[in-house]
Amino acid sequence: MTLAAPLAAPLAAKGIDTGDTAWLLAATALVLLMTPGLALFYGGMVRTKSVLNMLMMSFVSIALVTVVWLAAGYTLAFGDDAFGGLIGNLDHLGMAGIGPDSVQGTVPTVLFATFQLTFAIITAALISGAVADRAKFGAWLVFVPVWALLVYVPVTHWVWGPGGWIVSDLGALDYAGGLPVEITSGASGLALCLVLGPRLGFKKDAMRPHNLPMVVLGAGLLWFGWFGFNAGSALGANGMAAAVFLNTLAAGCTGLLGWLFVEQRRDGHPTTLGAASGAVAGLVAITPSCGSVSLLGALVIGLAAGVVCSYAVSWKFRLNYDDSLDVVGVHLVGGIIGTVLIGVFAVESMTGGPEGLLHGGGLGQLGRQLVAVVAVGAYAFLVTYGVGRLIDRLLGFRADEEHEHTGLDLTVHAETAYDHGVLGHGAPVTASVPSISSTQKAKA
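Sequential numbering of the sequence shown, starting at 11, is according to this note's numbering.
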């Protein structure tokens with residue numbers, strides 16, 4: 011007690027609320043846990059010969075993005091605007107001037123910066139699912155920090171930074187990351203799909219998930235962490251955090267049910283993979299809208315995402331882009347649904363002002379949401395495509411055909427996930443196994 015008392019007074023004088031700080035510390039840990047959860051989710055969805063590579067692409071993103079964020083990412087995203095609402099200033103390079111007494115609202119600035127860092131980490135890791143089984147690990151190590159600085163950081167400033175053009179000039183709403191997280195990762199994943207081309211055997215060989223229990227465990231950890239992702243964005247232990255928490259839970263549930271309904275009606279059987287994917291789709295869609303809509307709106311948005319995304323994952327077969335683990339079908343499509351429907355379901359009691367079309371707000375907010383989606387999606391796609399092409403030209407982004415055929419675990423990391431897994435003789439593990447469901451079949 012004698013040690014704690016002298017510290018409490020200056021913290022209180024600085025406006026730091028200990029309850030808000032405690033909640034944001036917990037939320038930050040929850041969001042960081044989402045990246046290992048994503049690693050398991052993705053790892054279970056690939057074949058045995060590339061499980062470890064998939065895990066590594068997520069885990070290494072934690073280290074790469076952290077270094078970039080602390081060096082320059084935070085100040086460029088959340089520093090005072092330096093150029094027409096497009097990017098922040100360089101006042102906090104290397105986190106300069108941000109000490110334990112610096113305050114952001116009612117929490118320490120250093121904690122706010124760490125919380126935002128966890129968003130940047132998982133966004134980069136999400137992209138890896140689009141190029142699973144075929145990307146050079148060395149090229150991925152170069153891509154992640156470059157992408158974080160050129161795509162994630164500017165878009166984050168536009169949406170959440172002081173003076174960012176989307177929040178200040180356009181007036182579009184995004185509570186927890188539909189634009190900087192879901193749409194940038196989905197659009198960027200699509201760009202990399204086109205840069206790398208399809209996997210060997212795409213639309214010919216079965217490429218079913220090798221471990222569905224791992225997929226469900228990963229989805230469960232993602233759902234658990236998502237409460238920190240969304241409710242933590244309230245930056246306080248308050249009523250808004252509680253309302254957002256419930257909206258997040260509700261949308262995840264209706265997303266799961268919507269996906270299973272489509273599978274049952276279309277395929278005749280609801281799948282475990284569908285349940286996990288549907289929950290994630292609902293959570294993706296509620297991310298931008300969780301702080302803008304009522305509980306009823308959250309239920310509808312989650313349901314819409316579950317239904318639409320369950321169809322969207324098959325578009326890759328018709329349009330001939332190999333989005334290995336459905337980053338486009340779930341994160342881009344789900345992010346668009348959740349961001350746009352703010353313009354339909356937003357309520358004043360949550361937003362503090364703007365209302366959606368169904369609540370008397372007219373078409374104005376819907377139009378603003380659409381402009382934001384198009385601008386962010388186009389920017390992320392074009393910049394990522396350019397970065398991907400440059401890396402491909404300089405280093406080669408696509409793994410060697412022999413490595414891809416044998417499996418990246420053995421050829422890149424000199425390891426295998428299972429003793430009975432691929433032993434490096436070149437035969438695809440699942441070449442003769444039928445597809446798990448028509449969720450992942452071509453619907454030509």
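Virtual Cβ for every residue (Gly too), placed ideally from N, Cα, C.
If you're wondering where the values come from, they're calculated on a predicted model, not measured in any experiment.
Is V117 helix, strand or coil when you go by DSSP?
-> It is a strand residue.
Sort out for me which residues DSSP pairs A216 with in a bridge.
-> DSSP, once it has assigned bridges, lists no residue as partnering A216.
Is the distance from the Cβ of N240 to the Cβ of T264 below 7 Å?
-> Not in contact: N240 and T264 (Cβ atoms no closer than 7 Å).
Compare the beta carbon distance of A106 and N99 with 7 Å and say whether it is the shorter of the two.
-> No.
Given G25, which residues of its chain have a CB within under 7 Å of its CB, disregarding the five upstream and five downstream residues?
-> These residues qualify, in order along the chain: V113, T116.
With 16 as the cutoff for other CB atoms within 10 Å, does S243 come out buried or exposed?
-> Classification of S243: buried, given that the 10 Å Cβ count is 16 or more.
Delimiting residues of the alpha helix (DSSP H) encompassing P164 | Bounds of the alpha helix (DSSP H) holding P164 are 163-170.
Counting only the same chain and skipping the five closest in sequence on each side, list residues whose C-beta sits under 6 Å from that of L433.
-> Confidence is the limiting factor: at L433 the pLDDT is only 43, short of 50, which leaves the residue's position unreliable, though a coordinate-based value still follows. Excluding its 5 nearest sequence neighbours in each direction, L433 has no C-beta neighbour in its own chain below 6 Å.
Neighbourhood of V161 by C-beta, 7 Å cutoff - its chain only, sequence neighbours within 5 removed | Counting only Cβ-Cβ distances below 7 Å, and skipping sequence neighbours, we find T194, S198, A390, V393, T394.
Beta-carbon proximity check, P155 vs V78, cutoff 7 Å = Cβ atoms of P155 and V78: closer than 7 Å.
Express the C-alpha separation of G211 and H423 in angstroms, rounding to a whole number.
-> The straight-line gap separating the alpha-carbon atoms of H423 and G211 is approximately 23 Å.
Helix, strand or coil: how does DSSP classify P20 here?
-> Interpretation of P20 is limited by its pLDDT of 45, a score under 50 that renders its predicted location unreliable; the figure taken from the coordinates is listed afterwards. In this structure, P20 counts as helix in the three-state DSSP scheme.
Would the stretch 169-176 and the stretch 133-149 be scored as touching if the rule is three or more Cβ pairs under 8 Å?
-> The stretch 133-149 and the stretch 169-176 do not touch, with fewer than three beta-carbon pairs separated by less than 8 Å.
Do you know whose CA, among A295, L342, D332, H167, lies nearest V310's CA?
-> Answer by Cα proximity: A295.
Euclidean distance between Cα positions of G207 and R144 | Their Cα atoms are separated by approximately 9 Å.
Three-state class that DSSP yields for R209 in the structure shown = R209 falls in the coil class under three-state DSSP.
So, helix, strand or coil for R408, using DSSP?
-> DSSP places R408 in the strand class (E or B) of the three-state scheme.
Alpha-carbon to alpha-carbon, G238 and A36 = Whole-angstrom Cα-Cα distance: 7 Å.
For G370, which option in T28, V381, G353 has the closest C-alpha, if you only look at C-alpha atoms?
-> Among T28, V381, G353, the Cα nearest to that of G370 is on G353.
Classification of D101 by the beta-carbon crowding that lies within 10 angstroms, buried from 16 upward | For D101, the number of other beta carbons within 10 angstroms of its own is below 16, and it is reported as exposed.
Taking buried to mean at least 16 other C-beta atoms within 10 Å of its own C-beta, is E412 buried or exposed?
-> When all chains shown are included, E412 counts as exposed.
Nearest CA to the CA of V350: which residue from L189, L96, L267, V340?
-> Ranking L189, L96, L267, V340 by CA distance to the CA of V350 puts L189 first.
Given that a residue counts as buried once 16 or more other Cβ atoms are within 10 Å of its Cβ, and exposed if not, what is D429?
-> Under this definition D429 is an exposed residue.
For G431, I'd like the list of residues in its chain whose CB is within less than 6 Å of its CB, leaving aside the five on either flank, ordered along the chain.
-> Only weak support exists for where G431 lies, its pLDDT of 45 falling under 50; the value from the coordinates is given anyway. If you ignore the 5 residues before and after G431, its C-beta comes within less than 6 Å of the C-beta of T58, all in its own chain and listed in chain order.
Which residues does DSSP pair with V303 in a beta bridge?
-> A356, per the DSSP bridge assignment.
Can you give the beta carbon distance from A123 to A158, rounded, assuming they're within the 8 Å contact cut?
-> That pair is no contact at about 14 Å.
Indicate the three-state DSSP secondary structure (helix, strand or coil) for G431 in the structure shown.
-> Legend: pLDDT at G431 = 45, less than 50; position of this residue unreliable, value from coordinates given subsequently. G431 falls in the coil class under three-state DSSP.
Counting only runs of 3+ residues fully inside the stretch 260-345, write out the beta strand (DSSP E) ranges in chain order.
-> Listed in chain order, nothing qualifies, since the stretch 260-345 has no complete beta strand (DSSP E) run of 3 or more residues.
Check whether L420 and T426 have beta carbons under 7 Å apart = Yes.
Neighbourhood of P164 by C-beta, 7 Å cutoff - its chain only, sequence neighbours within 5 removed | When the five nearest sequence neighbours on each side are left out, the beta carbons in the same chain lying within less than 7 Å of the beta carbon of P164 are those of L96, I97, in order along the chain.
Mind checking which residues open and close the alpha helix (DSSP H) that includes P155?
-> P155 -> alpha helix (DSSP H) spans 147-157.
Measuring alpha carbon to alpha carbon, tell me which of H220, S299, R276, I346 ends up nearest L256.
-> Residue S299 is the option with its Cα nearest to L256.
Identify the continuous alpha helix (DSSP H) that holds M105 and give its terminal residues.
-> It is not in any alpha helix (DSSP H) - M105 carries neither H nor E in the DSSP assignment.
Using only alpha-carbon positions, find the residue among I72, E192, L43, V70 that is nearest to G387.
-> Per the C-alpha coordinates, the member of I72, E192, L43, V70 positioned closest to G387 is E192.
Identity of the residues DSSP links to D91 by a beta bridge | D91 is bridged by DSSP to G98.
Give a yes or no on whether the C-beta atoms belonging to G316 and G377 are separated by under 7 Å.
-> Against a cut-off of 7 Å, the Cβ pair of G377 and G316 comes out as no contact.
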